[in-house]
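In my numbering, the protein residues as written are 1 to 332. In what follows, a single structure is set out as structure tokens and then discussed.
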Ligand SMILES: Cc1cc2nc3c(=O)[nH]c(=O)nc-3n(C[C@H](O)[C@H](O)[C@H](O)COP(=O)(O)O)c2cc1C
């Protein structure tokens, strides 16, 4: 156990923020499975300022289950970020995370996301300003990558600057911005960052199995491990990591049904299709199921398909980091 600011973190296994995935229903499931933290997907500071309708949807959270509630902001302008942080805290955010890792051009060209990696001083100044804006009660954390590209790896320098600015914890995805999701995450750099600062470090990148997570947690000396793609379709990984059992067929079906029902309360039905693709990973005839659900646009029909497919069987293969979905445009 360790603390982020005043918040006690009960499990060293975190769900990674993932746009389009880490919405309230999935975060709640992760917490229920024992995740120590499940940060929201990146939320636009300007969207909060303008009370944008889509942004309001991203702000949905469950104050009972999401404890502590960590909200990720992105933005390139200090004032807008400070304003958004204050608003987010008023809405219930207990930790504010700054996205300094997003590689997507639309984000970096506004000076946000991984563009902040290119200017350590600006990044540190942002943390300082946001800390001042929200006060001591709401810790500011940051999620970074190892650097902009192979020639500009600066996560250690960045770590020091952020720590000095009052950052309460850093999550490091062990890839450069230029790498996107290619190559392997560099866990040596994650280990080096952990050794060079006092604040909690959360290691992230390519953890897909229980064995892998435990090995990386131990070898890196990190305070926690953050799991993204490895939790897609497999939120039970957080329970298994804490020594719990794999899900039975019925339990799996019931959870998928609940996830679907909560998802469609505020989202279009078709946006759940990628979850169904992930949940069916490793199952016999997963291809047939995916083909079937791609054409369904009625809630009752989807529920029937979930029931028929998941009620009586378990996956036959362990999940792999297969590219069922194109991550090249993923916001991380
Ligand atoms: C679909 C998708 C969406 C993502 N969105 C975000 C995001 O909103 N904010 C963020 O900091 N990282 C985001 N990321 C990056 C993840 O948080 C994580 O750093 C990355 O996937 C590496 O971890 P993994 O190998 O466990 O997946 C996203 C990744 C994926 C695959």
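Just so it is clear, CB atoms sit at the ideal spot from N, CA and C, and this is done for glycine as well. Small disclaimer: the values here were computed from a predicted structure and weren't measured.
Going by other Cβ atoms of all chains shown within 10 Å of its Cβ, with 16 needed for buried, is residue i buried or exposed?
i: residue 14; result: buried
i: residue 221; result: exposed
i: residue 311; result: exposed
i: residue 6; result: exposed
i: residue 16; result: buried
i: residue 8; result: exposed
i: residue 33; result: buried
i: residue 250; result: exposed
i: residue 287; result: exposed
i: residue 271; result: exposed
i: residue 315; result: buried
i: residue 99; result: buried
i: residue 67; result: exposed
i: residue 106; result: exposed
i: residue 248; result: exposed
i: residue 216; result: buried
i: residue 390; result: Residue numbering for the chain in the displayed model covers 1 to 332; residue 390 lies beyond these limits and cannot be assessed.
i: residue 119; result: exposed
i: residue 42; result: buried
Relative to ligand 1, is the shortest distance from any of its heavy atoms to the C-beta of residue i smaller than 8 Å?
i: residue 288; result: no
i: residue 250; result: no
i: residue 17; result: yes
i: residue 72; result: yes
i: residue 181; result: yes
i: residue 102; result: yes
i: residue 300; result: no
i: residue 27; result: no
i: residue 216; result: no
i: residue 127; result: no
i: residue 21; result: yes
i: residue 241; result: no
i: residue 229; result: yes
i: residue 414; result: Residue 414 cannot be examined here, being either before or after the span of the chain that is shown, 1 to 332.
i: residue 226; result: yes
i: residue 204; result: yes
i: residue 93; result: no
i: residue 143; result: yes
i: residue 42; result: yes
i: residue 317; result: no
i: residue 207; result: yes
i: residue 275; result: no
List the whole-angstrom C-beta distance separating residue i from residue j, where the pair is believed to meet the contact cut-off of C-beta under 8 Å.
i: residue 36; j: residue 11; result: 4 Å
i: residue 193; j: residue 201; result: 6 Å
i: residue 158; j: residue 117; result: 7 Å
i: residue 255; j: residue 196; result: About 40 Å; that fails the 8 Å criterion.
i: residue 30; j: residue 245; result: About 17 Å; that fails the 8 Å criterion.
i: residue 171; j: residue 226; result: 5 Å
i: residue 49; j: residue 19; result: The Cβ separation is near 19 Å, so there is no contact.
i: residue 97; j: residue 142; result: 7 Å
i: residue 257; j: residue 303; result: 6 Å
i: residue 297; j: residue 269; result: 6 Å
Restricting to Cα atoms, I'd like to know which of the options is closest to residue i.
i: residue 264; options: 23, 190, 158, 81; result: 23
i: residue 279; options: 297, 262, 235, 269; result: 235
i: residue 149; options: 177, 143, 232; result: 177
i: residue 283; options: 228, 309, 212, 215; result: 309
i: residue 104; options: 215, 153, 179; result: 179
i: residue 45; options: 29, 87, 21; result: 87
i: residue 65; options: 27, 50, 72; result: 27
i: residue 294; options: 300, 313, 273, 303; result: 273
i: residue 174; options: 154, 146, 161; result: 146
i: residue 137; options: 101, 85, 48, 216; result: 85
i: residue 153; options: 127, 261, 139, 101; result: 101
i: residue 181; options: 229, 300, 25, 41; result: 229
i: residue 169; options: 151, 290, 127; result: 127
i: residue 262; options: 290, 289, 299; result: 299
i: residue 83; options: 260, 39, 281, 47; result: 47
May I ask whether a heavy atom of ligand 2 can be found less than 8 Å away from the beta carbon of residue i?
i: residue 185; result: The ligand content of the structure shown is limited to ligand 1, which means ligand 2 is not among them.
Comparing the C-beta of residue i with each C-beta of chain D, is any distance below 9 Å?
i: residue 246; result: Among the chains of the structure shown, chain D does not appear; only one protein chain is present.
Would you call the segment 110-122 and the segment 71-78 in contact, with 3 or more CB pairs under 8 Å? With contact defined as three or more Cβ pairs closer than 8 Å, the segment 110-122 and the segment 71-78 are in contact.
Stretch pair the segment 86-93 + the segment 159-169: three plus CB contacts closer than 8 Å: Segments in contact, no.
When the Cβ atoms of the segment 178-195 are set against those of the segment 203-214, are three or more pairs found closer than 8 Å? With a cut-off of 8 Å, the segment 203-214 and the segment 178-195 count as touching, because enough Cβ pairs lie within range.
So, do the segment 115-124 and the segment 54-61 have three or more beta carbon pairs nearer to each other than 8 Å? With the cut-off at 8 Å, the segment 115-124 and the segment 54-61 do not touch.
Could you tell me whether the segment 210-221 touches the segment 238-253, using the rule of 3 or more Cβ pairs below 8 Å? Verdict: yes, contact present.
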